[in-house]
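In my numbering, the protein residues as written are 7 to 156.
Data block below; observations after.
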Amino acid sequence: MYKVYQVQSGDTLASVASKLNVSAAELASLNGLMVSAVLVPGQYIIVPNNSGNEYFDMYVIKKGDTIYELARKYNTDPSSLLRLNGLNNTDIIYPGDEIMVPKNGVSFYVTRNDDTLDTVVGRFGTTASDLARQNKIIYLTNDQLIVFRR
Numbered sequence: 007m008y009k010v011y012q013v014q015s016g017d018t019l020a021s022v023a024s025k026l027n028v029s030a031a032e033l034a035s036l037n038g039l040m041v042s043a044v045l046v047p048g049q050y051i052i053v054p055n056n057s058g059n060e061y062f063d064m065y066v067i068k069k070g071d072t073i074y075e076l077a078r079k080y081n082t083d084p085s086s087l088l089r090l091n092g093l094n095n096t097d098i099i100y101p102g103d104e105i106m107v108p109k110n111g112v113s114f115y116v117t118r119n120d121d122t123l124d125t126v127v128g129r130f131g132t133t134a135s136d137l138a139r140q141n142k143i144i145y146l147t148n149d150q151l152i153v154f155r156r
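What follows is the structure, encoded as structure tokens:
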């Protein structure tokens, strides 16, 4: 389904999209960006993929699974788990569907319009410098994925 990709020096939406055999427009839409957006090294974006990465694993939905139960199991909240996977609370998950879930020791948050650095830092119980070190760049724009490994 999706994975988190950390932007490297020289990456553009078009170059990342090309590597993944998707369109730049699809990648931009997935991340709430314009196709002309400039990517900054260290920035995290969501990209299509069927494998996990250093922060998230792919979980295959089983019969009886609910987002609420999975959020509890992976120590997050249902709203964040939905937003991480591009879902909303009216979407239905089916056995065989794949979603991203945080690896052990990883916390994450998908920002909202009214977030401040203080509110995001408070969610993780860390310092702004520790959070910045792990995320390289924090814009606090709506729908930015911020991760923190304990």
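Cβ atoms here follow ideal geometry from the backbone N, Cα and C, with glycine treated the same way.
Proximity of residue i and residue j at Cβ, strictly below 8 Å
i: LEU36; j: THR18; result: no
i: GLY92; j: VAL66; result: no
i: TYR115; j: SER86; result: yes
i: GLN12; j: GLY48; result: yes
C-alpha gap between residue i and residue j, whole angstroms
i: ALA23; j: LEU33; result: 6 Å
i: ASN119; j: ALA43; result: 18 Å
i: ARG139; j: TYR74; result: 31 Å
i: SER29; j: ALA20; result: 7 Å
i: PHE62; j: VAL10; result: 8 Å
i: PHE130; j: LEU88; result: 19 Å
i: SER113; j: VAL153; result: 6 Å
i: ASN141; j: ARG155; result: 10 Å
Exposed unless 16 or more other CB atoms sit within 10 angstroms - verdict on residue i
i: VAL126; result: buried
i: VAL53; result: buried
i: THR133; result: exposed
i: ASN56; result: With a pLDDT of only 47 at ASN56, under the threshold of 50, the placement of this residue in the model should not be trusted, and no figure is reported.
i: ILE98; result: exposed
i: TYR100; result: exposed
i: ASN95; result: exposed
i: THR117; result: buried
Extent of the continuous alpha helix (DSSP H) run through residue i
i: SER85; result: 84-90
i: ILE105; result: Unbroken run through ILE105 is the beta strand (DSSP E), 104-108; no alpha helix (DSSP H).
i: LYS79; result: 73-79
i: SER135; result: 134-141
Delimiting residues of the beta strand (DSSP E) encompassing residue i
i: ASP63; result: 62-66
i: VAL28; result: Run containing VAL28: none; DSSP gives neither H nor E here.
i: VAL126; result: Here VAL126 belongs to no beta strand (DSSP E); instead the alpha helix (DSSP H) covers 123-130.
i: GLN49; result: From DSSP, GLN49 is part of no beta strand (DSSP E); its letter is neither H nor E.
i: LYS9; result: 8-12
Q | Cβ contact (3+ pairs, closer than 8 Å) linking the stretch 101-114 and the stretch 76-85 | A | Touching, yes, given that three or more Cβ pairs across the two stretches are closer than 8 Å.
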